[in-house]
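Residue numbers (the working numbering): 1 to 275.
Written below as structure tokens is the structure these notes are about.
Next up, the structure:
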């Protein structure tokens with residue numbers, strides 16, 4: 001069983017905001033004029049980065065009004081991106097205190113504090129009233145939550161009837177064992193990777209109707225090949241996911257990239273409708 005305290009410890013970093021500030025300075029970004037796009041190399045913590053978030057946006061833009069909830073919001077990169085593109089207010093929740101604290105500071109930095117508000121807490125017991133939101137989404141979160149039926153029950157509680165739930169997660173393909181460490185887990189005990197079919201089964205078990213489910217393997221492979229080539233030609237960027245991953249960043253990224261390229265892992269996109 002995945003322990004939430006271990007998950008928090010995996011991500012927690014009290015120096016993160018200062019590291020991001022230094023990265024922005026090294027990119028010659030004026031700290032008094034930071035744009036949402038400037039932060040995307042570090043706050044879009046998922047395969048495909050901002051391009052991956054666009055798959056979620058394409059589904060959420062069908063929801064014409066109301067407030068969204070971002071489950072496992074991290075630093076709030078997808079929330080700020082989606083809020084800007086769709087003009088929506090978004091509440092986010094994440095286990096990791098430093099992600100929430102610094103994510104709110106980043107929202108303030110880019111002028112998004114009135115539209116994006118992040119809270120610290122568990123996705124299995126969220127501090128929001130029932131039937132509050134017109135849509136929910138999660139981006140690379142389920143890999144750390146083994147109680148997916150309980151998670152999806154909690155998401156259903158928050159949603160108004162017939163609202164959308166969009167998932168963009170790393171998913172298992174086939175039966176190959178995962179090589180650790182990876183960006184979301186240092187070892188198997190911190191990981192809860194599932195396949196696409198099980199995600200759909202769990203959603204339907206709690207009453208959701210799955211309207212779309214697909215693996216985005218080729219998209220991820222193209223993204224990884226471009227990222228590898230960019231690193232070869234330009235080196236390590238001042239601002240990037242390595243700031244979140246710490247001293248083991250290189251092996252974590254190498255492991256997940258290698259397993260996506262060989263077809264053992266792939267990002268999956270699921271769209272489901274609440275009852």
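Beta carbons are placed, not taken as given, at the ideal position from N, Cα and C, and that holds for glycine.
Cβ-based neighbour list, residue i, same chain, cut-off 6 Å, excluding 5 preceding and 5 following
i	result
residue 90	68, 70, 79, 83, 116
residue 99	74, 75
residue 43	75, 77
For residue i: DSSP bridge partner residues
i	result
residue 138	167
residue 24	Per DSSP, none; premise fails for residue 24.
residue 268	169, 215
residue 226	Paired residues: none, contrary to the question.
Supposed close pair residue i, residue j - CB separation, criterion 8 Å
i	j	result
residue 119	residue 127	6 Å
residue 40	residue 50	4 Å
Member of the options whose CA lies at the smallest distance from the CA of residue i
i	options	result
residue 272	4, 42, 199, 251	199
residue 153	31, 17, 259, 203	203
residue 208	221, 159, 193	159
residue 210	252, 77, 24, 162	162
residue 173	212, 112, 267	267
residue 1	252, 244, 144	144
residue 168	235, 226, 131, 217	217
residue 86	53, 98, 73	53
residue 196	43, 56, 166, 215	215
residue 56	201, 230, 137, 20	137
residue 262	42, 187, 176	176
residue 21	255, 238, 253	238
Residue i CB to nearest heavy atom of the ligand COA below 7 Å
i	result
residue 232	This structure lacks the ligand COA, and indeed carries no ligand of any kind.
Chain-order list of residues whose beta-carbon lies under 8 Å from that of residue i (same chain, five-residue window excluded)
i	result
residue 65	134
residue 191	2, 143, 144, 178, 180, 182, 184, 185
residue 236	242
residue 257	224, 227, 228
Cβ-based neighbour list, residue i, same chain, cut-off 7 Å, excluding 5 preceding and 5 following
i	result
residue 38	24, 29
Where in the region 175-223 do unbroken runs of the beta strand (DSSP E), each at least 3 residues long, occur, reported from the N-terminal end onward? Segments of the beta strand (DSSP E) lying fully in the region 175-223: 209-215.
Complete beta strand (DSSP E) runs within the region 29-114 (minimum length 3 residues, chain order): You should have 68-71, 90-94.
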